[in-house]
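Heads up, the sequence shown is in my numbering, so the first residue is 24 and it goes up one at a time. All C-beta atoms, glycine included, are put in the ideal place defined by N, C-alpha and C. This report concerns only the one structure given below.
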Amino acid sequence: MTTSSLDTSDEVAKSNKRKLPAGPENMNRALEKSVSSTDAKQSVDNPPSNPGSPVAEPEHKEINLTVSENFAYDDANLILRSNDDVDFKVHRNILSLASAPMKDLIENPPALSKRRRTDAAQSPLPIVSVDETEEDLDYLLRYVYPLSRLSNDSVEDLELGLRLVVRWGLEAAREELGSQLNNTSRIEEDPAKVYALAKEFGLEDTRNSALKRLYEISFEGDQDYFMDETLGLTSRDLQEVISWKRKYLTAVVSIFEKYKPPVIGFSATGNKPPCKGCSAARQWCWWSHFKSKVRRFLDLINEDDLEELVLKSMEIKECRVSHSEIFNILHMLRTEFREKVTAVPVT
Ligand SMILES: [Zn+2]
């Protein structure tokens, strides 16, 4: 009998009942869960005196020992106990190497409860209480041990994960979660929230991606959009983003305004000029019309808008360039502008 899990004190019994209310179904679950640990095997080898009983009798409560399914190493030399009484059998040296807060926790464990002293008499492994739930401790230790991470399918998941790994000083995990936040779906889900988190956790790439998305949204007229209390942003943050946005969009528009279209017509190949207007102007006859429209499309980052604007400008000028020429022009503009717009600093 090695661990706290066999503790029969009232306090533990109460907390185990809270977790797994008495009943045959929960007894089975407790048994299944237990088989991953050696302690559990001991309990299974010594089944309750009345196995056919459909109700968990008080004397069976020792079966409800709770050792983490994923962290029950046979050669563990430390037990981390979650605040909902689940034991994680882990290794001191691995945790010490993972981060300074973990090393500190092991070297200077928090003041211990009475229960711990009781356990100490029974368990050869030191027990350190951690103020995290079983779920959170499992999530956290997956970034310490070579186990698969749990998936983060929403901005909220990532926020909880980030807060946890940052609290425990897991720098690589912060970066890993930060890059998961820098994802089109996550940003689309809530660009202002992604921006706020990226700002808080120092995730520069993620912050820049969120800003680009914010520049496409007209949030200025809707203070509530950006000032939702849960975002943790101030009106100063809002003013900052608005001023960056103006600067950014001005820079994007000037890319189009400064662009010099290639001189066409009279080509060296002797091909017939595609359009008389273009030949006369020695450039695309619709280009100045296009430029005059650009200012009205301040969010001309969207490539569909770019195409539409070019085609409309051509219609108005009755440009006679061939379809293949139009395709080439659009392809060229897209490639060149995408490159230049990407290079515009977002702040
Ligand atoms: Zn033309």
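Remark: fewer than three beta-carbon pairs, one from each stretch, lie closer than 8 Å, so the region 228-235 and the region 250-258 are not flagged as touching.
Residue environment: Ala366 is assigned as exposed (fewer than 16 neighbouring CB atoms within 10 Å of its CB, all protein chains considered). Contact between Ser177 and Glu199 is ruled out by a C-beta separation of about 16 Å, above the 8 Å threshold. Shortest gap from the CB of Met355 to any heavy atom of ligand 1: 8 Å or more. Comparing alpha-carbon positions, the option among Val286, Leu254, Val188 and Val333 lying closest to Phe279 turns out to be Val333. Given a length threshold of 4 residues, each whole run of the alpha helix (DSSP H) inside the region 158-221 is given here in chain order: 178-190, 194-204 and 207-212. The beta-bridge partner set that DSSP reports for Ile102 consists of Lys112 and Ile150. Close to ligand 1, as judged by a C-beta nearer than 5 Å to any of its heavy atoms, are the residues Cys298, Gly300, Cys301, Cys308 and Cys342, in chain order. Residue pairing by DSSP places Val90 opposite Asp110 in a beta bridge. In terms of Cβ geometry, Ala121 and Val167 form a close pair [threshold 9 Å].
Cβ neighbours of Glu330 within its own chain (closer than 7 Å, five residues either side excluded): Leu353.
Between Glu182 and Leu226, the gap from beta carbon to beta carbon reaches 9 Å or more. When DSSP reads this structure, Ala95 sits in a beta bridge with Lys112.
Phe94 counts as buried, since at least 16 other C-beta atoms from the protein chains shown sit within 10 angstroms of its C-beta. Distance from Val276 to Val317 at the Cβ level is roughly 6 Å; contact confirmed, criterion being Cβ atoms closer than 8 Å.
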